[in-house]
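One structure below.
Below is the structure:
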């Protein structure tokens, strides 16, 4: 599902601890899911904390004073040599999101999602000079470990894409401690022996407790000798046991009554989750995350920061039996969502939700000979770092199209969503249903008998990201059965700002004729904001859709590269007995479109140009197509087309683009409009024009 998606985990410093454990688990899981993962450490002290299976790139040696610009220089150099990823998980400092952004931008790269993955309270990062809330505004998303930080970020910036993720816990390394209980009067602490953990509070509380409690300190750190001196001064030498750092600490906790924490701050103590997974209750200060984890009296107890007296009271109440016993099974159940497979799967889903997605909508009707080629061309796209969903709407096919679609859905359930309709409703209904099901932030349409070049979605997407345009379009080429599908063009692009009225006018005159929705990538939000959809139960439904796009879009990019292949279908509607209806529907749909455009007030600045487009679609094209196809155009239909044109544009004969155009075809249609022709004269004029 995520094959060829390249992901960097960018971290400033790392050694051993909860953050590193989480990165190990996440990176390994993402590898299994098909991600290409690299871990980039900006400052390294020689400790390899990752398994050999994870590519690890330390960029500098030894701690010291490093500036933001130095970090950017290190990572930029790395990206220039090793290539840009599709996603950067910037952890654990908020500043790392800025490092990622500046590095990518310095290389003029686009299409890279930056996710800030926080592991501590946001105010602690800011106080330490590692960046604060202002850094997160530059991220595409923020992952945090608790609801409190989530709320702080949302209060600062409501538009920020924030998610709460859970650090995974390997329950197999946390065996259920059925021999634990209050009567054992044994406490455990697992973690770094550092100042912010406030282990001194625990020791003072134990010294004040009425009963003799024993505490096992499993860990190491700079506070060890100070704590040893404190335990001696409190006469707790036999009650405080310094176990030291252990790779598998839960093998040493048999008989423990509770895990005890006194931290000044923590985002979500992994030791607390592992303790509960082992069936051991937790007694803690109300640090971030703990208040979401602990339900007092159910799986532990809370006490105020630095309140030795309150902690001692809790220990006394436990020893005297005033507090109820806590079930190991209930403790374990309370953290079930943190079980490794569940938490990692959720993490992957959150990651997936951040990535851009392209919804490819394919209306299908009796295309058993072509649909496999179409689907294969989409499944085999070279695009990276973007999810693709293929929405196939079977419009009540009468051949084997539905069976083929079902085979593809069964083979590629991660890509394909099949929607079989119970009644045939033409392409307008099918495409609108596809839009309703589309979950991507970008949308494109492919006709079921066509095909696309392997790089089409990648090139359209990158141009859309780089320019933030509403629509990006590539060139197309008509091909017949058996002809090779090859890409042509320079790849240069034309960026049009439609706020410029002259640009919009030029676009209408130069490109307005192309109303097929395929060969384009649309920003879905643009379609929703402007209520753009297809007309239903008619041929030529795409005129309405495409022209409303032309009139509403603010920015447009045209890519000079043939990436879409319009395959001539000899059995298509253009070659069927319905073609007369098709040509007349061109005019009817154009009339509905013009009426809607006038209603929305979209023609004020480009009246002359749009009148030309309407004339081309609602008058010239039906007459021309029927004339070329030797299809009889009824005199009453001609009168209808002529009358409708003047109803919309009464002064059309004075249109600057039509009035003095010397082209023979324009002169012929101008003749039809200027003269009050009888049926006999009309037929005679058509006959002469055909010759």
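Residue numbers (the numbering used here): 18 to 708.
Think of the CB as a built atom: it goes at the ideal place given N, C-alpha and C, for glycine as much as any other residue.
Fair warning: this is a prediction, and the values are worked out from it, not measured in the lab.
Where residue 583 sits in the DSSP three-state scheme: Numbered from its first residue, the chain shown carries residue 583 at position 566. The answer is strand: DSSP assigns residue 583 an E or B state.
If you measure from the beta carbon of residue 206 to each beta carbon in chain C, is any gap under 8 Å? No chain C is part of this structure, which consists of one protein chain only.
Does the region 488-497 come close enough to the region 570-583 that 3 or more CB-CB pairs lie under 8 Å? Counting Cβ pairs under 8 Å, three or more are found: they touch.
Which of helix, strand or coil does DSSP assign to residue 317? Walking along the chain shown from the start, residue 317 turns up at place 300. Correct three-state label for residue 317: strand.
Bridge-paired residues (DSSP) for residue 671: Position 654 of the chain shown, counting from 1, holds the residue named residue 671. The secondary-structure analysis by DSSP pairs residue 671 with nothing; it has no beta-bridge partner.
Option in 29, 441, 52, 34 with minimal Cα separation from residue 23: The count along the chain shown starts at 1 and reaches residue 23 at position 6. Considering only alpha carbons, the answer is 52.
Helix, strand or coil for residue 540, going by three-state DSSP, please let me know. The residue labelled residue 540 in the question sits at position 523 within the chain shown. It is a strand residue.
Do residue 71 and residue 100 come within 8 Å of each other at the CB atom, strictly closer than that value? Counting from one through the chain shown, the residue named residue 100 turns up at place 83. Counting from one through the chain shown, the residue named residue 71 turns up at place 54. Residue 71 is positioned such that its CB atom lies no closer than 8 Å to that of residue 100.
Residues bridged to residue 113 (per DSSP): Your numbering for residue 113 matches position 96 in the chain shown. DSSP output for residue 113 lists no bridge partner at all.
Under the assumption that residue 65 contacts residue 25 (Cβ atoms under 8 Å), give the Cβ distance between them as a whole number of angstroms. Along the chain shown, one-based indexing puts residue 65 at 48. Along the chain shown, one-based indexing puts residue 25 at 8. Going by Cβ atoms, the distance from residue 65 to residue 25 rounds to 18 Å, so no, they are not a contact pair.
Touch check for the region 338-345 and the region 300-320: three-plus C-beta pairs under 8 Å? Yes: the two stretches touch, three or more of their Cβ pairs being nearer than 8 Å.
From the DSSP output, which residues share a beta bridge with residue 127? Numbered from 1 along the chain shown, position 110 holds the residue referred to as residue 127. In DSSP, residue 127 forms no bridge with anything.
The region 267-285 / the region 250-258 touching (three or more Cβ pairs under 8 Å): Segments in contact, no.
Please look up how many angstroms separate the CB atoms of residue 207 and residue 293, rounded, as I've assumed it's under 8 Å. Locating residue 207 in the chain shown gives position 190, counting from the first residue. Locating residue 293 in the chain shown gives position 276, counting from the first residue. The pair is not a contact, with the Cβ atoms about 12 Å apart (cut-off 8 Å).
Buried/exposed call for residue 499, threshold 16 Cβ in 10 Å: Within the chain shown, numbered from 1, the residue matching residue 499 stands at position 482. Around the Cβ of residue 499, a 10 Å sphere holds fewer than 16 other Cβ atoms; the residue is exposed.
I'd like the list of long-range same chain contacts for residue 348, defined as Cβ closer than 7 Å, with 5 residues on each side in sequence excluded. Position 331 of the chain shown, counted from the first residue, corresponds to residue 348. Correct list, in chain order: 293, 296, 297, 298, 316.
Going straight from the alpha carbon of residue 430 to that of residue 50, what length do you get? Reading the chain shown from its first residue, position 413 is the one you call residue 430. Reading the chain shown from its first residue, position 33 is the one you call residue 50. A straight-line Cα-Cα distance of about 15 Å links residue 430 and residue 50.
For residue 33, which option in 110, 263, 143 has the closest C-alpha, if you only look at C-alpha atoms? Here the question's residue 33 lines up with position 16 in the chain shown. Considering only alpha carbons, the answer is 263.
Does the beta-carbon of residue 655 have 16 or more other beta-carbons within 10 angstroms, so that it is buried, or is it exposed? As a first step, residue 655 is located in the chain shown; it is residue number 638 there, counting from the start. With 16 or more Cβ atoms within 10 Å of its Cβ, residue 655 is classed as buried.
Are residue 456 and residue 350 close, meaning C-beta to C-beta below 8 Å? The residue labelled residue 456 in the question sits at position 439 within the chain shown. The residue labelled residue 350 in the question sits at position 333 within the chain shown. Using a Cβ distance threshold of 8 Å, residue 456 and residue 350 do not count as a contacting pair.
Three Cβ pairs or more, each shorter than 8 Å: is that satisfied between the region 382-389 and the region 408-426? Taking 8 Å as the limit for Cβ pairs, the verdict is that the region 408-426 does touch the region 382-389.
Output the distance between the C-alpha atoms of residue 259 and residue 234, rounded to the nearest integer angstrom. Along the chain shown, read from residue 1 onward, the residue named residue 259 stands at position 242. Along the chain shown, read from residue 1 onward, the residue named residue 234 stands at position 217. Residue 259 and residue 234 have their C-alpha atoms roughly 5 Å apart.
For residue 384, the nearest candidate out of 367, 204, 418 (CA to CA): In the chain shown, the residue the question calls residue 384 occupies position 367. Per the Cα distances, 418.
Could you check the C-alpha separation between residue 110 and residue 132 for me, to the nearest Å? Walking along the chain shown from the start, residue 110 turns up at place 93. Walking along the chain shown from the start, residue 132 turns up at place 115. Residue 110 and residue 132 have their alpha carbons spaced roughly 11 Å apart.
Leaving out five residues on either side along the sequence, give the residues of the same chain with a beta carbon under 6 Å from the beta carbon of residue 652. Along the chain shown, read from residue 1 onward, the residue named residue 652 stands at position 635. Closer than 6 Å at the Cβ level, and outside the excluded window around residue 652, lie 696, 699.
Between 180, 85, 526, which lies nearest to residue 624 when the distance is taken from Cα to Cα? To locate residue 624, count along the chain shown from 1; it is residue 607. Here the closest residue by C-alpha is 526.
Could you pull the DSSP bridge partners for residue 573 from this structure? If you number the chain shown from 1, residue 573 lands on position 556. Beta bridge pairing from DSSP links residue 573 with 488, 513.
Taking the runs of the alpha helix (DSSP H) that are 4 residues or longer, which of them lie wholly in the region 322-409? Here the runs fully enclosed are 325-336, 345-351, 357-371, 388-396.
Please specify which runs of the alpha helix (DSSP H), each continuous and at least 4 residues long, are wholly inside the region 225-303, giving them in chain order. Runs of alpha helix (DSSP H) with 4 or more residues, each lying fully within the region 225-303, are found at 241-250, 287-294, listed in chain order.
Residue 23: first and last residue of the uninterrupted beta strand (DSSP E) it sits in: Reading the chain shown from its first residue, position 6 is the one you call residue 23. Residues 22-28.
Enumerate in chain order the residues of its own chain whose CB-to-CB distance from residue 21 is below 6 Å, with the five nearest sequence positions on each side excluded. In the chain shown, counting from the first residue as 1, residue 21 sits at position 4. If the five residues before and after residue 21 are omitted, its C-beta is found closer than 6 Å to the C-beta atoms of 401, all from its own chain and listed in chain order.
Specify whether the region 625-642 and the region 535-543 touch according to this definition: at least 3 beta carbon pairs, one from each stretch, less than 8 Å apart. Verdict: no, contact absent.
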